[in-house]
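Following: one structure in C-alpha cells, then a few remarks.
Protein chains: 2
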Amino acid sequence: MPSLRIDGHTQVIAHLGYPTHSFKAPLIYNPYFAAQNIPAVVVPLGCQTEHFEPMLRAFFKATNALGALITMPHKVSVLGLLDEVSVTAQVAGACNAVKRSADGKLVGDMFDGQGFVLGLINKGLDLKGKRALVIGNGGVGSAIAASLAAAGVDSLRLFDLHTPNTQALAQRLAQHYPDLHIDVGSDDPSDQDLVVNATPLGMKTGDPLPMDMTRLSPHTHVGEVVMTQRITPFLAAALEKGCPIQVGTDMLFEMIPAYLEFFGLPSTTAQRLRDLAQLEPTH
Amino acid sequence: MPSLRIDGHTQVIAHLGYPTHSFKAPLIYNPYFAAQNIPAVVVPLGCQTEHFEPMLRAFFKATNALGALITMPHKVSVLGLLDEVSVTAQVAGACNAVKRSADGKLVGDMFDGQGFVLGLINKGLDLKGKRALVIGNGGVGSAIAASLAAAGVDSLRLFDLHTPNTQALAQRLAQHYPDLHIDVGSDDPSDQDLVVNATPLGMKTGDPLPMDMTRLSPHTHVGEVVMTQRITPFLAAALEKGCPIQVGTDMLFEMIPAYLEFFGLPSTTAQRLRDLAQLEPTH
Chain A
1389 MPSLRIDGHT
1399 QVIAHLGYPT
1409 HSFKAPLIYN
1419 PYFAAQNIPA
1429 VVVPLGCQTE
1439 HFEPMLRAFF
1449 KATNALGALI
1459 TMPHKVSVLG
1469 LLDEVSVTAQ
1479 VAGACNAVKR
1489 SADGKLVGDM
1499 FDGQGFVLGL
1509 INKGLDLKGK
1519 RALVIGNGGV
1529 GSAIAASLAA
1539 AGVDSLRLFD
1549 LHTPNTQALA
1559 QRLAQHYPDL
1569 HIDVGSDDPS
1579 DQDLVVNATP
1589 LGMKTGDPLP
1599 MDMTRLSPHT
1609 HVGEVVMTQR
1619 ITPFLAAALE
1629 KGCPIQVGTD
1639 MLFEMIPAYL
1649 EFFGLPSTTA
1659 QRLRDLAQLE
1669 PTH
Chain B
1389 MPSLRIDGHT
1399 QVIAHLGYPT
1409 HSFKAPLIYN
1419 PYFAAQNIPA
1429 VVVPLGCQTE
1439 HFEPMLRAFF
1449 KATNALGALI
1459 TMPHKVSVLG
1469 LLDEVSVTAQ
1479 VAGACNAVKR
1489 SADGKLVGDM
1499 FDGQGFVLGL
1509 INKGLDLKGK
1519 RALVIGNGGV
1529 GSAIAASLAA
1539 AGVDSLRLFD
1549 LHTPNTQALA
1559 QRLAQHYPDL
1569 HIDVGSDDPS
1579 DQDLVVNATP
1589 LGMKTGDPLP
1599 MDMTRLSPHT
1609 HVGEVVMTQR
1619 ITPFLAAALE
1629 KGCPIQVGTD
1639 MLFEMIPAYL
1649 EFFGLPSTTA
1659 QRLRDLAQLE
1669 PTH
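In order, the protein sequences belong to chains A and B.
No gaps in the numbering here: position 92 of the first sequence is 1480 in our numbering, and each next residue is one more.
No gaps in the numbering here: position 83 of the second sequence is 1471 in our numbering, and each next residue is one more.
Given below as C-alpha cells:
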C-alpha cells in the first residue's frame, strides 16, 4: 500500500472531538488519500468542551485547513458557531462536517444519515412511501431520521428513553417536512418496513435489546449503528427472524463519499474505502 | 517502507509557519515515525502572523498535542508567548520547538545551531578555543552562533548587512558568555577556523557569494545553511580552495535527534533519519 506522504502542500482535515481513542475517520480517509495521491490528511485533535470554539476558529485560520470532522461532544454545539447550516444538519440538530467557503464563512453539513440511507438503497430498498421506526433520537438517530425524511418515507415512528430528544426531533421534522407522518412514544416495531437501532445498546456485553424483537416481521429491514462488532445481538436476533439487515460499518463507509465531495476532494465508492481502510476487522 | 498510521492514539506535532510549501520537517519525522511505529505525526499548519498566538494557544489545548515546530515568520515572536525559554533560544533570539510541560507551561528551545555544531563535531572538528565567522545574523545565524558559543569557541566574528541583527546578537552573546571574544563589522574570512554562510545567498541563481573567497585559507572549515542544492556556489568555491565543507542538509538531519528528545520521543541517528526521509534528492 502506498505510504501517506505529508508535505508542505498537504491540506488538513482536523478531526475534533474527545476522547479521541475510538476515532475511525483517520483510518478510513488517510489510506484512501495515500492510495490516490490526494494531498490531504485527517488529523485527530482531542478537544474538550471548553476549548472547542477557539480551537475550531483558530484551525480554520490555517491557510491549509481544508475542513473539520466534528464528533462527540461537539456535534450539536458546533451548529451555533457556523454561518451556514444545511437543511439536513438543521433537522438532525447536529453537524459533523465543516468547511470554509471562498468568502470565509464556516459552512456545516451532516452526512451520517445519508450514509445509512445509501446503504439501504444499495441493498435494493426503495424508501419512498415506507414506514420506519428510529429508536434512539440523539445525534445519530436524528441524522438518520433527517435523511429518511429527505429520502421520502411516508411515516417515522420515533422513540427515545429521553423523551425531550424525541420531541425536539419531531418538531424539527415537522417544520421541514409538513407532510410526513410522525408518531412518537411507541417503540413497537410491528408493521414497519424499516427499524433502526440508533442507541448505544449493544456496545456493552449484557445490554438489553433496543426493541421487542418478538414483534418484528421477517419483511422488516433492520439497521444498526453500533459497530463494536459486525453482528450485534440486535442484528443476530433480526437474522433469526429472517429479516434483511444492515451492519453498523455499512453506514460508516457509505457516508464517506458524501464527505469527500463536501470537502471538494475526488470521491470514490464505499467498497473501495472499505478495502483500503486500516480498521481492525470486526467479528 | 511501513505506512504512516494515524489513529485516535496519535500525538500531533504542529508545524506552524507560512508559507508551508518548503516545509521539510514532515518529510523527515513522519517516515521515521512510520518505520518505528511511533504514534506521532508532524502536520503542517499554514499560519500567518495575525493568527499565530491564537493558533498556538488553541493547538496546545488539544489533548494529543505533543509539541510544535515553529518556523518563519514566527521563530522570534514566539519567544514572547512562552513561559520558559532555554539559554540557547535566548541567545539565538529565536525558538523553533515548543512543548507543554506537565503543569501546562509552554516551554521553548532551539536546536538548529546544535545540529550545525554536531555535524562539525562528527566530522572531527574540535570547536574548543577556535575562531569562527558567522555571516548572516538573523534567526539561523544567531542559532549557530549560540551553539558555537556553547561549544566553547574562543572568538566569534559576526557580520550581517542588516547591522541591528549583529548588534543584538553580540549583546545577547556577551550577556551569557562574558569570556567570549566578539568581533563585529568585518566579513573577512581569513585566519578563521570556521566560516558559516547563514544568509539566504545561494538560494537563487546569480546570488553573490556571501564572503570574499579569495581570502579563505584551505585549513578553514566551511559550513552552509542553504539547502536548495547540495553543493551551493559558496561550497563549490570552498571546495576549489581545498577547504573541508559541511552541506546544508547535514545541519538539518543532525538537529532532529535533539528535537525528538525534546518532545520525549525515541531518538535515533541523523544517518537513519536521512535514509528514511522522503526529501527529493539534492544534487
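All C-beta atoms, glycine included, are put in the ideal place defined by N, C-alpha and C.
Simplified DSSP assignment, three categories, for Ala1485(B):
strand
So, Ala1453(A) versus Ser1530(A), is the Cβ gap smaller than 7 Å?
no
Spell out a yes or no on whether the stretch 1620-1627 of chain B and the stretch 1585-1593 of chain B are touching, meaning 3 or more CB-CB pairs, one atom from each, closer than 8 Å.
yes
Within a Cβ cutoff of 8 Å, which residues of the same chain sit near Ala1667(B), ignoring the five residues on either side of it in sequence?
Correcting the residue type first, residue 1667(B) is Leu in the shown sequence and not Ala. Hits under 8 Å: Lys1412, Leu1415, Ile1416, Thr1637.
Pick out whichever of Val1473(A), Gly1517(A), Asp1500(A) has its Cα sitting closest to the Cα of Ala1494(A).
The identity of residue 1494(A) in the sequence shown is Leu, whereas the question assumes Ala. Of the candidates Val1473(A), Gly1517(A), Asp1500(A), the one whose C-alpha sits nearest the C-alpha of Leu1494(A) is Val1473(A).
Taking all protein chains shown into account, decide if Asn1525(A) is buried (16 or more other Cβ within 10 angstroms of its Cβ) or exposed.
buried
Given a cut-off of 7 Å, decide if Cys1483(A) and Gly1503(A) are closer than it, judged by their beta-carbon atoms.
no
Rounded C-beta distance between Gly1507(B) and Gln1634(B)? I'm assuming under 8 Å.
5 Å
Less than 8 Å between the CB atoms is what I'm expecting for Gly1540(A) and Leu1582(A), so what's the real figure, rounded?
Not really, about 13 Å apart at Cβ, beyond 8 Å.
For Gln1502(A), name the three-state secondary structure that DSSP assigns.
helix
Alpha-carbon spacing of Ser1655(A) relative to Val1528(A), whole angstroms
23 Å
Between which residues of its own chain and Ser1535(B) is the CB-CB distance below 7 Å, once the five residues before and five after are set aside?
Thr1476, Gly1501, Gln1502, Phe1504, Val1505
For Cys1435(B), go through chain A and note every residue whose CB falls closer than 8 Å to its CB, in chain order.
Lys1449, Ala1450, Thr1451
Which runs of the beta strand (DSSP E) fall wholly inside the stretch 1432-1463 of chain A and span at least 3 residues, in chain order?
1453-1458
Can you tell me which of the three DSSP states Ser1535(A) falls into?
helix
In its own chain, which residues sit with a C-beta less than 7 Å from the C-beta of Leu1664(B), not counting the 5 before and 5 after it?
Pro1419, Tyr1420, Ala1423
Other residues of its chain near Met1615(B): CB distance less than 7 Å, five sequence neighbours each side excluded
Gly1636, Thr1637, Leu1640, Thr1670
Give every residue of the same chain whose Cβ lies closer than 6 Å to the Cβ of Leu1521(B), excluding the five residues on either side of it in the sequence, and list them in chain order.
Arg1545, Pro1577, Gln1580, Val1583
If contact means a Cβ-Cβ distance below 7 Å, which residues of the stretch 1390-1422 of chain B contact chain A?
Ser1391, Leu1392, Arg1393, Ile1394, Asp1395, Gly1396, His1397, Thr1398, Val1400, Tyr1406, Thr1408, His1409, Ser1410, Phe1411, Pro1414, Leu1415, Asn1418, Ala1422
Quick check on the DSSP output: what are the complete alpha helix (DSSP H) runs of length 4 or more inside the stretch 1518-1603 of chain A, in order along the chain?
1527-1538, 1551-1564
So, is His1569(A) buried or exposed, given that buried needs 16 or more other C-beta atoms within 10 angstroms?
exposed
May I ask whether a heavy atom of the ligand ADP can be found less than 6 Å away from the beta carbon of Val1464(B)?
Among the components modelled here there is no ligand, and therefore nothing to report on the ligand ADP.
Given Pro1390(B) as reference, the closest of Val1400(B), Thr1408(B), Gln1399(B), Pro1427(B) once Cα atoms are compared:
Pro1427(B)
Determine, using beta carbons only, whether Pro1672(B) and Cys1631(B) come nearer to each other than 7 Å.
Here chain B comprises residues numbered 1389 to 1671, so residue 1672(B) is not present and cannot be evaluated.
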